[in-house]
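Single-structure report; data block below.
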Amino acid sequence: MTTFDDREKAFETKFQHDEDLLFRIRARRDRLAGEWAATLMGLTGAEAEAYAREVVDTDIATLGPHDIRDKLCADLHARGVDISDHRVEKQMAQFLDLARQQVTQA
Numbered sequence: 009m010t011t012f013d014d015r016e017k018a019f020e021t022k023f024q025h026d027e028d029l030l031f032r033i034r035a036r037r038d039r040l041a042g043e044w045a046a047t048l049m050g051l052t053g054a055e056a057e058a059y060a061r062e063v064v065d066t067d068i069a070t071l072g073p074h075d076i077r078d079k080l081c082a083d084l085h086a087r088g089v090d091i092s093d094h095r096v097e098k099q100m101a102q103f104l105d106l107a108r109q110q111v112t113q114a
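Take the sequence shown: its letter number 41 is residue 49 in the numbering used here, and every next letter is one higher.
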């Protein structure tokens with residue numbers, strides 16, 4: 009193997025590691041956001057767990073950057089929770105920071 013091949017393999021390995029880390033961080037953020045929204049909607053126990061899992065699954069199944077925010081807002085508004093899209097987005101940003109800390113320290 010040449011030095012070029014070694015470098016290429018190293019870059020590929022780093023890229024794969026970074027993508028895996030990003031996936032885990034986003035999944036954790038989505039779970040935290042789902043649990044938060046479930047609490048605001050008055051869901052508890054198995055319902056809250058199922059909703060948080062649904063939020064994670066939605067992010068995996070969709071490509072857009074705002075799909076989770078839109079889902080949370082729509083679900084919260086449907087349950088009569090008076091909250092702005094901006095507040096949901098701000099909370100998601102806080103959950104992203106928390107998720108990054110939790111995943112990288114684990």
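Just so you know, even glycine gets a beta-carbon here, dropped at the ideal spot from N, CA and C.
Since the model is a prediction, treat every value here as computed from it, not as a measurement.
Point to revise | Close Cβ partners of Arg-87 (< 6 Å) along its chain, the five nearest in sequence each way excluded | key: If you number the sequence shown from 1, residue 87 lands on position 79. Closer than 6 Å at the Cβ level, and outside the excluded window around Arg-87, lie Met-49.
Problem - Supposed close pair Leu-106, Leu-40 - CB separation, criterion 8 Å - result: The count along the sequence shown starts at 1 and reaches residue 106 at position 98. The count along the sequence shown starts at 1 and reaches residue 40 at position 32. Indeed, because the Cβ distance is near 6 Å, the residues count as touching under 8 Å.
Counting along the chain, where does the alpha helix (DSSP H) carrying Met-49 start and finish? Here residue 49 corresponds to residue number 41 of the sequence shown, with the count starting at 1. That residue, Met-49, is in no alpha helix (DSSP H); it is neither H nor E in DSSP.
Exercise for review: Verify the CB distance criterion: does Gln-24 have a CB-CB separation below 7 Å to chain C?
Suggested key: Judged by its chain identifiers, the structure shown contains no chain C, having just a single protein chain.
Q: Specify, as a first and last residue, the run of the alpha helix (DSSP H) that His-112 falls within.
A: For this step, residue 112 is matched to residue 104 along the sequence shown. The question names His, yet the displayed sequence has Thr at residue 112. From DSSP, the alpha helix (DSSP H) with Thr-112 extends over 93-113.
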